[in-house]
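Okay, so here's the structure we're looking at.
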Amino acid sequence: MNDVLDPLILARWQFGLTTLYHFIFVPLTIGMALLVALLQTAWVRTGKEKYLRLTKLFGKIFLINFAMGVVTGIVQEFQFGMNWSNYSRFVGDIFGAPLAMEGLIAFFFEATFIGLWIFGWDKLPKKIHLLTIWMTWIGTVASAYFILAANAFMQNPDGFTINEERGRAELESIGAVLTNPVAVTQFPHTLFAATMFAGTVMVAVAAWHLQRGQYLEEMRAALRFGAWTNIVAFLGVGLTGHSLGMVMTETQPMKMAAAEALYENASGADASFSLFSLGTPDGAHEIFSVRIPYLLSFLSNGTFDGSVEGIRDLQAEYEAMYCGGADTLLTCPSDGQFAPIIWVTYWAFRWMIGLGALAALVSAVGLWITRKNAELPQWVWKVAIWSAPLPMLASLVGWIFTEMGRQPWIVFGVMTTEQGVSPGVPGWAVLTSLIVFTLVYGALAVVEFRLIAKAAKDGPPEIARDEHGEADHERLATVY
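Encoded structure:
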């Protein structure tokens, strides 16, 4: 019963579940804003109305998703005060800075231009109106960067000093926080992953209509555009992921060791990457695996003859560094263990890669078999439709790897997770809010899915025309 009402466990579950739920909307907002901007650009440049109709269709999906993302994101901020007051008090001076910049600069910038885009169809010149959707995308990107900078501080704290008298960390350099190498490498990785998700959603919507023989001209264009987007973005995910892996090895070597369940130091051919592995229940000994020699060395160091530290040596190193005396109260876990849950990090890392690769494979095969306007079997369209959530799931397990791999730290090397939880909040209170949030978020998920599904199934709107045969932008604005 004590474990059931443990405030630390419940607070972690609550923050993890609400964050993952919120992140479902984040990548689709970022990626779909870009694709809508590209579609509207194609319409402005070519004058082809199929691009205008696709802009309206996917613009509506973008707006529904954006609204839901705002609603679910508000809850995140309250949790820092409710369940993580020790953390907020200790590092709020640094962690709060990029969050404030996100809310006061990026979000208002983004919201302003979204409003101009929604209501400016009949009021702004065509090219100025096009600029508003591009500025909206820039706002979403800026918002993402500030959030990633805040998270990067937790992964690789920089730009701060410890005020011993006040017992808290204080901001020393906002530039160091915003240029944290983890944020710099994680940012393009996140953008490419978000673009993949938007591309597969576009493929799925197009496949649903093509399966029924509807809007053939528009949907063939959307299918190929989404598929090419997915493939190009996947290549970007791979390249930026490699850079992020090397930074991770430098800043959090235990996380890389946990990603491979590597207990002993390895180098060269011994620093191999296992595609699949079976081990003892504690994960400490391998029974069977399928391995690629040298690959872990390359992922970690960018060379095939580099060395990778193992869990046991890192454990001893961290014990000496972080559990050395009375001044290490915030940095020494109560159980003395510095390794995360190995099976979580091991499989999350592989599911992240596998799900993303599968989505790109579906798009590549789809481009090949749809290069001619031949009639295709129904299963082809079903595969395309069901591929939509693959990049989203890859992103979610990627964040599980990122955050679970940081454990036992809430701020790496500065404060453990158990030290960051609110001391005066009883377990029943956290459990109550966890249940309420889960129920509310579950209801919102149903609403979100139905709204987006309805918008997708309605298809691209018909273009109203004035007496001269031109698109009637005043009536177009009423679509939203």
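All letters in the sequence shown, in the order written, are residues 1 to 480 by UniProt numbering. We put the beta carbon where it would ideally sit given N, CA and C, even for glycine.
Per DSSP, reduced to three states, the secondary structure at residue 274 is strand. DSSP, reduced to helix, strand and coil, places residue 411 within a strand of the structure shown. Distance between residue 140 and residue 97, taken at the CA atoms: about 18 Å.
In the DSSP annotation of this structure, the continuous segment of the beta strand (DSSP E) that includes residue 160 starts and ends at 160–163. For the pair residue 78 and residue 119, the Cα-to-Cα distance works out to about 32 Å.
Rounded to whole angstroms, the gap between the alpha carbons of residue 105 and residue 370 is 44 Å. Of 91, 85 and 21, the smallest CA-CA separation from residue 74 is found for 21. A check of alpha carbon separations from residue 17 across 153, 399 and 347 identifies 399 as the nearest. Under the DSSP assignment, residue 168 falls in the beta strand (DSSP E) whose first and last residues are 168–171. For the options 236, 59 and 404, the alpha carbon positioned closest to that of residue 13 is the one of 404. Within the DSSP bridge table, the entry for residue 308 names 266 as partners. Secondary structure note for residue 341: it is in no alpha helix (DSSP H), with a DSSP letter that is neither H nor E. If you compare the alpha carbons of 11, 82, 312 and 250 with that of residue 297, the shortest gap goes to 250.
For residue 143, the enclosing alpha helix (DSSP H) has its first and last residue at 126–155. The alpha helix (DSSP H) runs lying completely inside the stretch 394–461 and spanning 4 residues or more are 417–420 and 427–458, given in chain order. Closest in C-alpha terms to residue 6, from the list 424, 315, 64 and 169, comes 424. With 16 or more neighbouring CB atoms inside 10 Å of its own CB, residue 431 falls in the buried class.
The shortest CA-to-CA distance from residue 310 to any of 351, 265, 169 and 273 is the one to 265. Residue 147 and residue 25 have their C-alpha atoms spaced approximately 14 Å apart. In the structure shown, residue 291 falls within a strand segment according to DSSP collapsed to helix, strand and coil. Contact fails between the stretch 182–192 and the stretch 218–228, because fewer than three Cβ pairs, one in each stretch, are under 8 Å apart. Between residue 413 and residue 157, the gap from beta carbon to beta carbon is short of 8 Å. Counting only the Cα atoms, residue 332 lies some 41 Å from residue 66. Annotated as distal: residue 163 and residue 200, with beta-carbon spacing of 8 Å or more. Just so you know, the alpha carbons of residue 383 and residue 337 end up roughly 44 Å apart. If you ignore the 5 residues before and after residue 30, its C-beta comes within less than 7 Å of the C-beta of 140, 141, 144, 191 and 194, all in its own chain and listed in chain order. The beta carbons of residue 218 and residue 50 sit about 5 Å from each other, so the pair counts as a contact at 8 Å.
Between residue 391 and residue 93, the alpha-carbon positions lie close to 34 Å from each other. The beta carbon of residue 135 sits closer than 6 Å to the beta carbons of 113 from its chain, once the five residues preceding and following it are set aside; these are given in chain order. Boundaries cannot be given for residue 83, as no alpha helix (DSSP H) includes it and DSSP labels it neither H nor E. The residues 451 and 452, in chain order, have a CB closer than 6 Å to that of residue 64 in the same chain once the five nearest residues on each side in sequence are set aside.
Going by DSSP, residue 261 is part of no alpha helix (DSSP H) at all; its letter is neither H nor E.
A Cβ-Cβ distance of about 6 Å is found for the pair residue 314 and residue 257, placing them in contact under the 8 Å criterion.
With respect to the 8 Å criterion, residue 68 and residue 198 are not classified as neighbours on the basis of their beta carbons. The three-state reading of DSSP puts residue 301 in helix, counting H, G and I together. With respect to the 8 Å criterion, residue 90 and residue 415 are classified as neighbours on the basis of their beta carbons.
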